[in-house]
Structures are given as C-alpha cells and as structure tokens.
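Peer 1: This is the structure I want to talk about, given as structure tokens.
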Amino acid sequence: MLEARIPSGPIEQKWDNCRYGMKLMNPANRRKHSIIIVGAGLAGAAAAATLGRQGYHVHCFSYHDTPRRAHSIAAQGGINSAKNYRNDGDSVLRLFKDTVKGGDYRAREANVYRLAEVSTNIIDQCVAQGVPFAREYGGLLDNRSFGGVQVERTFYARGQTGQQLLLGAYQALEEQIAGGTVTMHFRSELLDVVLVNGRARGIVTRDLVTGQLDCHAADVVVLATGGYSNVFYLSTNAKASNCTAIWRAHRRGALFGNPCFTQIHPTCIPLSSDFQSKLTLMSESLRNDGRVWVPKKKHDTRAPADIPENERDYYLENRYPSFGNLVPRDVASRNAKEVCDEERGVGPHGQGVYLDFADAIHRLGLQTVREKYGNLFEIYERITGDDAYTVPMRIYPAPHYTMGGLWVDYHLMSTIPGLFVGGEANFSDHGANRLGASALMQGLSDGYFVLPATVPDYVAANKLDPVSTSDSAFTAAKAEVKNRIDKLLGINGKRSPDSLHRELGKIVWDDCGMARSDAGLRKALARIPELRDEFWHNLRIVGTGEELNQSLEKANRISDFLELAELMCIDALQRTESCGGHFRVESQTPDGEAKRDDENFAYTAAWEWKGLGQSPAIHKEPLTFEYVPLSQRSYK
Ligand SMILES: Cc1cc2nc3c(=O)[nH]c(=O)nc-3n(C[C@H](O)[C@H](O)[C@H](O)COP(=O)(O)OP(=O)(O)OC[C@H]3O[C@@H](n4cnc5c(N)ncnc54)[C@H](O)[C@@H]3O)c2cc1C
Numbered sequence: 046m047l048e049a050r051i052p053s054g055p056i057e058q059k060w061d062n063c064r065y066g067m068k069l070m071n072p073a074n075r076r077k078h079s080i081i082i083v084g085a086g087l088a089g090a091a092a093a094a095t096l097g098r099q100g101y102h103v104h105c106f107s108y109h110d111t112p113r114r115a116h117s118i119a120a121q122g123g124i125n126s127a128k129n130y131r132n133d134g135d136s137v138l139r140l141f142k143d144t145v146k147g148g149d150y151r152a153r154e155a156n157v158y159r160l161a162e163v164s165t166n167i168i169d170q171c172v173a174q175g176v177p178f179a180r181e182y183g184g185l186l187d188n189r190s191f192g193g194v195q196v197e198r199t200f201y202a203r204g205q206t207g208q209q210l211l212l213g214a215y216q217a218l219e220e221q222i223a224g225g226t227v228t229m230h231f232r233s234e235l236l237d238v239v240l241v242n243g244r245a246r247g248i249v250t251r252d253l254v255t256g257q258l259d260c261h262a263a264d265v266v267v268l269a270t271g272g273y274s275n276v277f278y279l280s281t282n283a284k285a286s287n288c289t290a291i292w293r294a295h296r297r298g299a300l301f302g303n304p305c306f307t308q309i310h311p312t313c314i315p316l317s318s319d320f321q322s323k324l325t326l327m328s329e330s331l332r333n334d335g336r337v338w339v340p341k342k343k344h345d346t347r348a349p350a351d352i353p354e355n356e357r358d359y360y361l362e363n364r365y366p367s368f369g370n371l372v373p374r375d376v377a378s379r380n381a382k383e384v385c386d387e388e389r390g391v392g393p394h395g396q397g398v399y400l401d402f403a404d405a406i407h408r409l410g411l412q413t414v415r416e417k418y419g420n421l422f423e424i425y426e427r428i429t430g431d432d433a434y435t436v437p438m439r440i441y442p443a444p445h446y447t448m449g450g451l452w453v454d455y456h457l458m459s460t461i462p463g464l465f466v467g468g469e470a471n472f473s474d475h476g477a478n479r480l481g482a483s484a485l486m487q488g489l490s491d492g493y494f495v496l497p498a499t500v501p502d503y504v505a506a507n508k509l510d511p512v513s514t515s516d517s518a519f520t521a522a523k524a525e526v527k528n529r530i531d532k533l534l535g536i537n538g539k540r541s542p543d544s545l546h547r548e549l550g551k552i553v554w555d556d557c558g559m560a561r562s563d564a565g566l567r568k569a570l571a572r573i574p575e576l577r578d579e580f581w582h583n584l585r586i587v588g589t590g591e592e593l594n595q596s597l598e599k600a601n602r603i604s605d606f607l608e609l610a611e612l613m614c615i616d617a618l619q620r621t622e623s624c625g626g627h628f629r630v631e632s633q634t635p636d637g638e639a640k641r642d643d644e645n646f647a648y649t650a651a652w653e654w655k656g657l658g659q660s661p662a663i664h665k666e667p668l669t670f671e672y673v674p675l676s677q678r679s680y681k
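Using the working numbering, the first residue of the sequence shown is number 46, and each one after it goes up by one.
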C-alpha cells in the first residue's frame with residue numbers, strides 16, 4: 046500500500062532524474078486544468094502562485110480573511126539554506142546529514158536530500174522577490190546558527206522571518222490573482238475532501254461568515270493546511286490552527302504518518318495562569334547568545350543576580366560541550382524538564398529555566414544585542430513585564446510543531462491519488478525531531494519547487510474525466526458535513542468547546558507530551574474516548590449555523606482533535622523506542638539520553654482509518670540509511 050516512489054540513481058541525482066522523467070504539458074493545455082489548493086500560508090501561497098504562473102486555474106482556499114494572516118507569519122528566527130556564505134564548512138551534503146541526524150533517523154533520506162538541494166534556490170527566489178533578509182555591513186546576506194548544527198546557515202529578517210517570507214509569497218500570489226489565474230476563497234473552511242472513482246476531485250467548504258456549504262470540483266486537490274500542535278490546547282501556534290483538513294482527508298482514506306511525532310520547543314514563555322489560552326515562543330535564535338541555566342540548589346528563590354556563578358548550573362553547556370546551548374530542541378526541552386523535575390526550576394511555579402544575556406551584552410554591547418533580537422525582547426517584556434536586557438528571560442518548553450501529518454510519497458502525494466500535501470501538513474522531512482529554521486525551508490521547498498513539478502506531472506500523466514459538483518459523491522459529502530454540523534448544534538449541553546479542548550490538551554500534554562510511558566499512554570487511551578463521548582453529549586454551542594459562529598468553528602475542529610489525539614497515543618504506544626521528540630521513559634541510555642531501537646523501529650508508521658471506535662491499521666514504510674549511516678545521536 047505504501048509506495049514511496051523514490052527515484053532511482055545516486056542521491057544527488059534523484060530529483061533531477063525524477064523531474065526528467067515527468068510528463069510536461071504545453072502552456073495552452075494548462076488552462077484547461079484546475080487545481081484546488083487549501084491553505085495560503087507559506088506552502089500554499091507559494092504553490093498557488095507558482096502553479097498559477099504556469100497557467101493552471103488555481104482555486105486557493107483559506108479560513109483566514111487574507112493570506113497574510115496564515116500562521117506562517119508568526120515564524121521568527123529564520124530559514125536554513127546550504128549557501129555556505131560563511132564558508133564555515135557547509136554544503137548540501139552537510140545540511141542533508143544534519144537534518145537526517147537531527148530527525149533522529151526517522152525521515153526518508155531521498156526527501157531530505159532534495160530539501161537540502163532545493164534550499165539554495167529558495168534564498169535566490171526570495172531575494173528576487175525582495176524579501177529583506179538581514180545583511181552584514183558590507184551588504185552580504187547575514188547568517189546565524191540554530192540548534193543541532195555547527196555552521197551558520199540560517200537566513201533571517203530580525204525576528205520576523207516568516208512575516209517577510211509570507212509577504213514575498215503573498216505578492217507573487219497577488220500578481221496571479223490580478224492576472225486571473227488564481228481565485229481566492231477567503232473565510233472558507235474545508236470540511237471534507239471528495240473522491241470520485243478513487244481520486245481526490247474536490248472539497249466541501251463552509252463559508253465562515255454566512256454558514257453556507259459549497260462544493261468545489263477540480264483535477265487535483267492540494268492541502269497545505271499547517272500543523273496540529275493545538276491538539277495540546279496550549280501551544281505556540283496561532284489559535285485557529287487545527288487538524289480538520291488533514292483529519293477529514295484521513296477519514297476518506299489518506300494514511301496518517303507518525304502522528305505522535307510532535308515537537309516541544311524549549312524556549313517559550315512559561316505558563317502563568319490556568320486561564321491562559323496561548324503560549325508564546327521566544328525564538329531559538331536567542332540561544333545563539335543567551336545562556337541557559339538554573340540554580341544548583343533546589344528551591345532557590347534568590348533573584349538571579351544574587352546567585353553567584355559557582356552556584357549556577359549551565360546544564361546544556363556542561364552536559365553537551367560540543368553544541369552547548371545550541372543542542373537540538375528535543376534535547377534542550379528534555380533537559381529543561383529534567384532540571385525542573387529535580388525542583389531546580391525558577392519562577393512562580395518552578396516551571397522555568399533562565400535564558401541569560403548578561404554575557405552577550407558584555408561581549409557584544411547592548412546595541413548589538415538590541416539590533417539582533419530587539420523585537421523578541423519587546424514581545425517578552427510586553428507579556429511578562431520584565432526587561433530581559435537586565436534580568437534573564439524565563440523560558441519553558443511548549444508544543445510548537447508537528448512532524449506527523451498525512452503520509453506522502455516522494456511526489457508529495459498522499460495515499461489518495463490526486464491528493465497532494467505540502468508544508469507542515471505532511472509528515473515528510475523532519476523525522477522524529479525538526480531542526481530549527483527547517484520548517485520554512487520545507488514549506489517553501491514544497492510550495493515553490495516540488496509541488497509545481499509533481500502536480501503538473503500527475504495532471505499530464507493521468508486521464509482525468511471532467512467531474513461536476515452535481516456528482517453524487519459531492520452531494521453525499523455535503524450532506525454528511527451538514528449532518529455533523531446539525532448534530533453539534535443540537536447537543537445543547539453544558540460545556541463550552543474551550544473547556545473540553547482544555548481538558549483534552551492536558552491529557553495529551555501529560556501523557557503524550559515530552560515524556561511518554563506505557564502506563565500513561567494507556568491511561569490517556571482510556572480517557573480520550575470518555576471525553577469524546579462527553580463532547581458529543583454535553584457540548585454547548587451558542588448561536589446558529591447560518592452566521593459567523595466561532596463557537597461552532599471551534600467545536601467542529603475539536604471534534605477532530607478528539608479523534609486525532611487517540612491516534613497520537615496509539616502511535617506513541619506502539620513505538621516503544623525513544624527517538625527525537627518521542628521520549629519513552631522505558632527506553633533511555635544509562636545517562637538518561639533517548640535510546641533508539643533501529644532494529645525494530647526504523648520505519649514510518651502510516652495509519653489507516655477504520656472507523657470511529659475501531660482500531661486503526663498500521664502500515665510501515667521501512668527507512669534505509671545509505672548515505673548517513675545509522676548511529677546513536679550525540680551532541681556531547
Ligand atoms: C511562533 C512560531 C515561530 C516559528 N518560527 C519558525 C522559524 O523561525 N523558522 C522555521 O523554519 N519555522 C518556524 N516555525 C514553524 C513554521 O512557521 C510553520 O511550520 C510554517 O509556517 C507552516 O506553514 P504552512 O504553510 O505549512 O502552514 P500555515 O502557515 O499554518 O498555513 C495554513 C493555511 O491553511 C489554511 N487552512 C488550514 N486549515 C484549513 C481548512 N480546513 N480550510 C481552509 N483553509 C485552511 C489557513 O487559513 C492557512 O492559510 C514557527 C512556528 C511558530 C508557531
């Protein structure tokens with residue numbers, strides 16, 4: 046069932062070989078084909094603009110009121126590329142190796158190599174669009190470092206890289222909208238994917254302002270709908286980010302890859318109240334200059350300035366001298382949890398560690414630190430009231446990114462023919478742990494370069510009969526969507542969507558978060574169906590379905606999170622090894638590091654939906670490591 050379609054030949058020739066073997070379509074014929082792209086974040090906007098530029102009729106959907114509100118705009122720290130502008134030993138091979146190793150050998154080598162290869166084109170593309178990357182005094186593009194690497198290959202625009210990249214993609218998209226090749230459908234939420242004769246041929250959407258349900262048909266459907274970290278309720282993601290598009294596609298037959306692989310980011314502002322609904326990231330770029338520490342003593346309530354050097358534990362620098370504060374995220378997060386579990390955490394709830402810039406300010410000067418990180422310090426001050434130029438920041442890990450997503454082959458096509466998936470929504474390139482600054486790289490690689498090659502190849506290579514939205518598959522899917530909405534509105538119970546979501550998030554955080562155990566996962570698996578049952582019997586939605594109704598929107602999305610959370614725990618339970626962000630307490634080395642089990646788990650788990658309450662079926666894509674031989678990760 047899992048045919049990854051990895052091209053033959055040496056790894057550095059695979060993508061070229063693949064493209065050379067693709068079918069092309071002449072420009073006059075492209076106008077005869079239509080493509081639905083759901084999502085206008087970096088991956089979706091880039092794909093829509095590029096496919097529109099090629100001449101296809103693109104219909105791009107977003108539940109936002111403009112592409113500029115996509116969650117991508119929040120990305121702060123930067124985007125990797127193997128340009129080697131620093132001449133510090135970087136290369137495509139090095140980025141490839143770092144990414145395979147950083148993902149703890151749970152990604153597909155061929156995809157990762159392509160990502161590294163294409164990374165250099167992305168920077169050229171974005172510079173040509175006018176993206177204002179930071180420059181050095183002499184005018185060259187500046188670089189900094191991110192976790193898990195020893196070179197400086199991260200391009201950035203202060204702490205607003207995502208925003209600037211999205212503006213670039215948005216301008217390209219606007220050009221196509223003005224030219225008539227792309228039609229935007231705003232405030233329009235996908236609620237189902239429609240299959241005709243086994244192929245994805247359209248979608249059902251709900252207009253978020255009027256509540257109207259519509260069907261849309263096309264030759265191909267592309268999902269670029271982002272990640273699902275909000276399953277944890279509290280995460281660094283935009284509040285609206287959700288799993289509905291990929292989950293509904295999963296229910297229609299698309300296999301779900303590695304659902305339990307989630308990333309807990311080490312540098313977020315700690316939770317300060319039980320009523321908080323959002324967590325805020327402090328970019329990993331801060332670990333270039335900030336030093337992470339906790340007091341050596343337990344329950345040390347002295348102000349940080351009163352704790353002398355010899356009573357501080359710079360635990361990352363001490364335990365991982367080669368990488369220091371720039372160890373990968375999974376390692377940094379786990380260590381933060383460990384020192385807090387040892388009751389050496391700082392701040393009101395003891396759930397925090399310091400990120401201290403005193404040395405950097407001394408070494409570089411206040412002005413340089415301000416220039417590099419000014420807007421991040423400002424965000425921190427607005428939220429906490431603390432001036433991080435004079436007192437260390439307090440940080441703690443938080444859910445941030447999902448490496449899991451719909452399983453895709455090398456062409457980024459899911460197991461449903463004609464359904465492609467790009468950006469964070471697919472499971473692809475990051476294995477069990479994503480390295481910093483690699484998500485923007487992947488989203489833009491998928492959007493500007495991969496999908497614009499593979500989608501046209503699919504259209505050219507397959508005979509796609511015309512379909513109409515009056516086809517029975519569309520009417521049936523629309524009726525199902527309507528029934529589900531009516532059912533939600535009819536429950537009329539007592540609990541708000543948020544209260545149920547908060548409870549779900551706590552279960553997943555406690556038992557399928559930074560550390561997982563057999564007992565904890567079984568507990569979660571017993572509790573989640575009970576909570577789902579309560580949701581369907583005791584939910585209260587105010588308002589109607591024929592108006593702007595955010596309570597209904599949330600409930601709809603939470604109904605999917607409640608199913609996805611169960612699959613995450615099932616996936617985590619079967620993977621009894623520790624790898625990357627997946628830390629099984631039963632599988633650790635004597636010094637407490639994650640212990641992989643390559644003999645039994647060097648595979649991608651791709652899950653097949655079998656119906657609600659039925660056990661999903663696992664399919665395994667074996668992973669082979671020909672170019673970056675399997676070895677135990679060490680950052681010491
Ligand atoms: C705070 C923060 C900072 C980050 N910083 C970095 C960084 O510095 N470097 C880096 O590499 N990565 C970073 N990341 C990760 C990166 O930002 C994301 O992985 C990436 O932007 C995702 O892009 P995307 O296009 O896949 O999805 P998104 O940007 O999430 O876009 C999703 C799109 O899909 C639409 N959509 C979703 N569901 C539906 C639906 N059902 N119907 C209709 N439309 C739908 C939305 O409207 C939106 O347009 C950061 C993440 C966070 C949370």
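Even glycine gets a Cβ: it sits at the ideal position worked out from N, Cα and C.
Is the Cβ-Cβ distance between residue 98 and residue 205 less than 9 Å?
Peer 2: Here residue 98 refers to the residue found at position 53 of the sequence shown. Here residue 205 refers to the residue found at position 160 of the sequence shown. No.
Peer 1: Which two residues bound the contiguous beta strand (DSSP E) that contains residue 438?
Peer 2: Taking the sequence shown and counting its residues from 1, one reaches residue 438 at position 393. Start and end: 438-447.
Peer 1: Between residue 195 and residue 372, what straight-line distance do the alpha-carbon atoms span, to the nearest angstrom?
Peer 2: By 1-based counting over the sequence shown, the position of residue 195 is 150. By 1-based counting over the sequence shown, the position of residue 372 is 327. When rounded, the distance between both Cα atoms is 10 Å.
Peer 1: Mapping DSSP to helix, strand and coil, what is residue 418?
Peer 2: Here residue 418 refers to the residue found at position 373 of the sequence shown. Helix.
Peer 1: Identify which residue in 562, 664 and 376 has its Cα closest to the Cα of residue 146.
Peer 2: Looking up residue 146 in the sequence shown gives position 101. Taking only the C-alpha atoms, the option nearest residue 146 is 376.
Peer 1: Can you check whether the CB of residue 269 is closer than 9 Å to the CB of residue 491?
Peer 2: Indexing the sequence shown from 1 puts residue 491 at position 446. Indexing the sequence shown from 1 puts residue 269 at position 224. Taking 9 Å as the Cβ cut-off, residue 491 and residue 269 qualify as a contacting pair.
Peer 1: The alpha helix (DSSP H) with residue 165 in it runs from where to where?
Peer 2: Here residue 165 refers to the residue found at position 120 when the sequence shown is read from its first residue. First-last of the alpha helix (DSSP H) with residue 165: 154-174.
Peer 1: Any idea if residue 60 is buried or exposed, counting beta-carbon neighbours within 10 angstroms, 16 or more meaning buried?
Peer 2: As a first step, residue 60 must be located in the sequence shown, where it is residue number 15. Burial call: buried.
Peer 1: With distances taken between CB atoms, is the gap from residue 308 to residue 446 smaller than 9 Å?
Peer 2: On the sequence shown, position 263 is the one that residue 308 refers to. On the sequence shown, position 401 is the one that residue 446 refers to. For residue 308 and residue 446, yes; Cβs fall inside 9 Å.
Peer 1: Kindly identify the DSSP beta-bridge partner or partners of residue 338.
Peer 2: For the purposes of this step, residue 338 is taken as residue 293 along the sequence shown, with counting starting at 1. Bridge partners of residue 338: 399.
Peer 1: Tell whether a beta-carbon distance below 9 Å holds between residue 331 and residue 273.
Peer 2: Locating residue 331 in the sequence shown gives position 286, counting from the first residue. Locating residue 273 in the sequence shown gives position 228, counting from the first residue. Result no, Cβ atoms of residue 331 and residue 273 do not sit closer than 9 Å.
Peer 1: Are there any heavy atoms of ligand 1 lying less than 8 Å away from the beta-carbon of residue 698, as far as the coordinates show?
Peer 2: The chain is shown only over 46 to 681; residue 698 falls outside these bounds and no answer can be derived.
Peer 1: Taking the beta carbon of residue 329 as the centre, do at least 16 other beta carbons fall within 10 Å, making it buried, or is it exposed?
Peer 2: The residue given as residue 329 occupies position 284 in the sequence shown. Residue 329 comes out buried.
Peer 1: Would you identify the three-state DSSP class for residue 312, choosing helix, strand or coil?
Peer 2: Residue numbering aside, residue 312 sits at position 267 when the sequence shown is read from its first letter. Looking at residue 312 - three-state DSSP - the assignment turns out to be strand.
Peer 1: Regarding residue 296 and ligand 1, is the C-beta to nearest heavy atom distance less than 8 Å?
Peer 2: Along the sequence shown, read from residue 1 onward, the residue named residue 296 stands at position 251. No.
Peer 1: Would you say the beta carbon of residue 112 is closer than 8 Å to some non-hydrogen atom of ligand 1?
Peer 2: Numbered from its first residue, the sequence shown carries residue 112 at position 67. Within the cutoff, so yes.
Peer 1: Going by CA-CA distance only, name the one from 634, 599 and 573 that's closest to residue 609.
Peer 2: For the purposes of this step, residue 609 is identified with residue 564 of the sequence shown, where counting begins at 1. Comparing Cα positions, the closest option is 573.
Peer 1: Among all the DSSP beta bridges, which residues are the ones paired with residue 471?
Peer 2: Working through the sequence shown from its first residue, we reach residue 471 at position 426. Its beta-bridge partners are 451.
Peer 1: Strictly by DSSP, which residues pair up with residue 248?
Peer 2: Your numbering for residue 248 matches position 203 in the sequence shown. Paired residue(s): 238 and 261.
Peer 1: Going by Cα to Cα distance, which pick from 556, 266 and 642 is closest to residue 622?
Peer 2: Counted from its first residue, the sequence shown places residue 622 at position 577. That would be 642, whose Cα lies nearest to the Cα of residue 622.
Peer 1: Runs of 3 residues minimum, wholly inside the stretch 328-385: which ones carry the beta strand (DSSP E) assignment?
Peer 2: If we require 3 residues or more, the beta strand (DSSP E) runs fully inside the stretch 328-385 come out as 336-340.
Peer 1: Taking the alpha-carbon positions, what's the residue 337 to residue 391 distance?
Peer 2: Locating residue 337 in the sequence shown gives position 292, counting from the first residue. Locating residue 391 in the sequence shown gives position 346, counting from the first residue. Going by the C-alpha atoms only, they are around 12 Å apart.
Peer 1: With distances taken Cα to Cα, identify the nearest neighbour of residue 483 among 292, 52 and 160.
Peer 2: Numbered from its first residue, the sequence shown carries residue 483 at position 438. Nearest of 292, 52 and 160 to residue 483, Cα basis: 160.
Peer 1: Would the stretch 531-539 count as touching the stretch 126-145 if we require 3 or more Cβ pairs under 8 Å?
Peer 2: Flag = no, the stretch 531-539 and the stretch 126-145 do not touch.
Peer 1: Between residue 106 and ligand 1, is there a pair consisting of the residue's CB and a ligand heavy atom that are separated by less than 8 Å?
Peer 2: Position 61 of the sequence shown, counted from the start, is the residue given in the question as residue 106. Checking every heavy atom of ligand 1 against the Cβ of residue 106, one is found closer than 8 Å.
Peer 1: Considering Cα atoms alone, identify which of 359, 464, 472 and 130 is closest to residue 243.
Peer 2: Residue 243 sits at position 198 when you count from the first residue of the sequence shown. Among 359, 464, 472 and 130, the Cα nearest to that of residue 243 belongs to 464.
Peer 1: Could you spell out where the beta strand (DSSP E) holding residue 79 opens and where it closes?
Peer 2: Taking the first residue of the sequence shown as position 1, residue 79 is located at position 34. Unbroken beta strand (DSSP E) run through residue 79: 79-83.
Peer 1: If I follow the unbroken alpha helix (DSSP H) through residue 144, where does it start and stop?
Peer 2: Counting from 1 along the sequence shown, the entry for residue 144 is found at position 99. That run of the alpha helix (DSSP H) goes 137-147.
Peer 1: Looking at the secondary structure, which residues open and close the alpha helix (DSSP H) in which residue 185 lies?
Peer 2: As a first step, residue 185 is located in the sequence shown; it is residue number 140 there, counting from the start. First-last for residue 185: undefined, no H or E at that position.
Peer 1: Given the structure, does residue 87 come close to ligand 1, in the sense that its CB is under 8 Å from one of the ligand's heavy atoms?
Peer 2: Residue 87 sits at position 42 when you count from the first residue of the sequence shown. Result yes, Cβ under 8 Å from ligand 1.
Peer 1: Assuming the contact rule is C-beta atoms closer than 8 Å, residue 399 and residue 437 should be a hit. Round their C-beta distance to whole Å, please.
Peer 2: Within the sequence shown, the letter at position 354 stands for residue 399. Within the sequence shown, the letter at position 392 stands for residue 437. Right, their Cβ atoms sit about 4 Å apart.
Peer 1: Who are the Cβ neighbours of residue 95 in its own chain at under 6 Å, not counting the five residues just before and after it?
Peer 2: Here residue 95 corresponds to residue number 50 of the sequence shown, with the count starting at 1. 493 and 497.
Peer 1: Can you look up residue 412 in the DSSP assignment and give me helix, strand or coil?
Peer 2: Indexing the sequence shown from 1 puts residue 412 at position 367. DSSP places residue 412 in helix when its eight states are reduced to three.
Peer 1: Buried or exposed, going by whether 16 or more other CB atoms sit within 10 Å of the CB of residue 669?
Peer 2: As a working mapping, residue 669 is identified with position 624 in the sequence shown. The residue in question, residue 669, is exposed, as its Cβ has fewer than 16 Cβ neighbours within 10 Å.
Peer 1: One question on the structure: do residue 680 and residue 148 come within less than 9 Å of each other, judged by their Cβ atoms?
Peer 2: To locate residue 680, count along the sequence shown from 1; it is residue 635. To locate residue 148, count along the sequence shown from 1; it is residue 103. No, they are not a contact pair.
Peer 1: Go ahead and pull the three-state DSSP assignment for residue 307.
Peer 2: As a working note, residue 307 is residue 262 in the sequence shown. Looking at residue 307 - three-state DSSP - the assignment turns out to be strand.
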